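Shown next, in structure tokens, is the structure this report addresses.
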Amino acid sequence: MSLAGYVPNAIYFSSLHLNPVLVQVGPFALRWYSLAYIAGILLGWLYLVRLLDENAAPMTREHANALVTWATAGIVIGGRLAYVLFYDFATYLAHPLNVLRLWAGGMSFHGGALGVAIAIFLFARRHRLDWLRIIDYVAMSAPIGLFLGRLANFVNGELWGRPTTLPWGIVFPGAGPLPRHPSQLYEAMLEGPLLFAMLWCLFRFTGARRRPGLLCGAFVLGYGVFRFLVEFVREPDQQLVAFAVHSGLHMGQWLCVPMILGGSWLVLRAVLTPAPTCTRHPAPDR
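Every position in the sequence shown, counted from 1, becomes a number in the working numbering once 148 is added.
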């Protein structure tokens with residue numbers, strides 16, 4: 149059965165009337181992608197603060213207020229550097245100043261996650277806190293940002309999937325005449341609401357919050373599995389098509405392998421280790 153026969157009945161991205169730019173005043177443009185990052189960090193912080201009101205919290209609200217700056221820096225620096233190194237190194241090697249053009253896009257979740265982990269480690273060490281338990285609580289908020297980020301990818305009409313005959317296939321601009329999987333929406337739902345619900349159930353109905361590394365491990369494992377699976381229907385970045393053909397997997401899948409292994413190890417370690425006694429901590433030094 150030919151895919152071309154489905155094109156007349158496909159959903160055309162242009163018919164959705166989505167504009168990547170929310171507001172433009174002269175040369176200044178506020179894009180949905182940028183707003184997704186801002187909203188993800190803000191809503192994630194608000195959710196984190198609410199979780200800290202529960203029993204066995206690893207830090208205070210004052211700690212969370214100070215941590216948000218560190219985490220934001222980790223997201224931006226780690227996400228950008230990982231994209232440069234793993235997704236388009238040749239281009240940035242030829243034009244190194246383009247690394248600073250954050251508004252042009254180009255971020256990697258894997259790098260952002262590593263950047264946040266390093267930032268939390270440094271923050272916890274400075275304030276003498278249990279960094280693994282802090283990561284557990286921060287991981288609870290991560291699906292919010294992932295959901296908004298993938299929706300922004302869809303609004304941008306980027307990171308589309310492979311050709312499909314399914315009735316919800318979309319013809320994206322610049323992706324040829326065939327309808328494709330809206331892989332951005334697949335990731336948005338799996339890495340957003342579903343992963344959020346899984347972590348919430350662990351937090352609410354089990355003793356996961358008292359087992360360092362369990363919530364973080366569940367998040368890392370869940371994200372790794374969901375992203376690995378969606379990559380099968382996602383079109384690799386143009387500059388990485390040859391890599392995917394020769395290696396057998398997309399770059400995103402290779403980067404998910406250590407996440408799946410590391411997440412599994414964290415979960416097993418947390419389950420097999422007796423839960424420690426958790427106490428609240430004083431506010432950070434001024």
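All C-beta atoms, glycine included, are put in the ideal place defined by N, C-alpha and C.
All values derive from a computational prediction rather than experimental measurement.
Go through its chain and collect everything with a Cβ distance to residue i's Cβ below 7 Å, but skip five positions before and after it.
i	result
PRO321	PHE161, SER162 and GLY305
ILE283	ALA265, ILE268 and CYS364
For residue i, which residues of its own chain have a beta-carbon under 6 Å away from its beta-carbon, when the five flanking residues on both sides are left out?
i	result
GLY192	SER289, ILE292 and GLY293
GLN332	ARG298, ASN301, PHE302 and LEU307
LEU343	PRO291 and GLY370
ARG276	none
Does residue i come out as helix, strand or coil in the three-state DSSP assignment?
i	result
ALA177	strand
ARG328	strand
ARG276	coil
ARG358	helix
PRO424	coil
LEU416	helix
PRO321	coil
PRO311	strand
MET149	Caution applies to MET149, whose pLDDT of 42 falls short of 50 and renders its modelled position unreliable; the model cannot decide the point.
LEU170	strand
HIS398	coil
MET255	coil
TYR154	With a pLDDT of 46 at TYR154, under the threshold of 50, the predicted position of this residue should be treated as unreliable, though the coordinate-derived value follows. The answer is helix: DSSP assigns TYR154 an H, G or I state.
Going by the DSSP bridge assignment, what does residue i pair with across the sheet?
i	result
GLY411	Partner(s): none; GLY411 has no beta bridge.
ARG382	GLY309
TYR160	VAL319
May I ask whether a heavy atom of the ligand GDP can be found less than 6 Å away from the beta carbon of residue i?
i	result
GLN387	The ligand GDP is not among the ligands present in this structure, which contains no ligands whatsoever.
Sorted by chain position, which residues of the same chain lie with C-beta nearer than 8 Å to residue i's C-beta, five sequence neighbours on each side aside?
i	result
GLY227	MET255, SER256, PHE257, GLY259, GLY260 and GLY263
Under the assumption that residue i contacts residue j (Cβ atoms under 8 Å), give the Cβ distance between them as a whole number of angstroms.
i	j	result
PRO327	ALA158	4 Å
ARG281	PRO330	No, ARG281 and PRO330 are not in contact; Cβ-Cβ is about 37 Å, not under 8 Å.
GLY400	GLY372	Wrong, their Cβ atoms sit about 10 Å apart, outside the cutoff.
**Prompt:** Enumerated in chain order, which unbroken segments of the alpha helix (DSSP H) with a length of 4 residues or greater are wholly contained in the stretch 181-250?
**Reply:** 209-234 and 237-242
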